[in-house]
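Notes for the one structure printed next.
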Amino acid sequence: MAGTATPATKLLVTQRIDHTVHSYAHDERAESYGSEAVDALGETVGVTAHQVFKTLVIKLDTGKLAVAVLPVPEKLSLKAAAAALGAGKAVMADRTEAERSTGYVFGGISPLGQRKALPTVVDASALDWDRVLCSAGRRGLEIELAPADLVRLSGAVTAAVTAS
């Protein structure tokens, strides 16, 4: 697929990971990039909203950045994410700091192929699915892959990190 080369997709190809790249027309006026992906791909790919995962960059009370990956419809429990990553507390990272650290633009941050690999936690619900989708590193581009591959390639731990 032309125009789908990102550090995330290159990593998957290099590692010979079975995956599919899905693209959709990104609307610059979209307020929720995750919801936009769910709406655009839900019917055409045949996935539920809970199979599409968003990537959030957080800042731990240690001062280090980290990544939380969870289903789009869910809210992040900062406390649970911090605990899963061995910290006491966390806050959402500054947008500029997140972009600089990962090498991706806000709304297109992938948990894979980041400029600087950050500690990562993937919500345990990912393991309930055969395939999940996450950002491929560009708005309007998603990767479909096995959750075990997502966890392994991102060096993630799994834990329940949703607020519900």
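Just so we're aligned, residue 321 is where the sequence shown starts under my numbering, counting upward by one.
Beta carbons: idealized from backbone N, C-alpha and C, even for Gly.
- If the five residues before and after Leu361 are omitted, its C-beta is found closer than 8 Å to the C-beta atoms of His342, Tyr344, Val367, Val372, Leu453, Glu462, all from its own chain and listed in chain order.
- Per DSSP, the continuous beta strand (DSSP E) segment holding Asp443 begins and ends at 440 to 443.
- Residues Lys379 of the same chain have their beta carbon placed closer than 8 Å to that of Asp414, with the five preceding and five following residues left out of the count.
- Under the DSSP assignment, Glu363 falls outside any alpha helix (DSSP H); it carries neither an H nor an E label.
- Across the structure, Glu417 and Ala483 are spaced so that their CA atoms are roughly 24 Å apart.
- A contact between stretches requires three or more CB pairs, one per stretch, nearer than 8 Å, and the region 384 to 402 fails this requirement with the region 329 to 341.
- Counting along the chain, Pro391 sits inside the beta strand (DSSP E) bounded by residues 385 to 391.
- The C-beta distance from Leu438 to Ser421 rounds to 7 Å, short enough to meet the 8 Å contact threshold.
- DSSP lists Thr340, Leu453 as the bridge partner or partners of Glu464.
- Nearest to Ala407 by C-alpha distance, out of Leu331, Gly383, Asp443, Ala328, is Gly383.
- Note that the C-beta distance between Val387 and Thr440 is below 8 Å.
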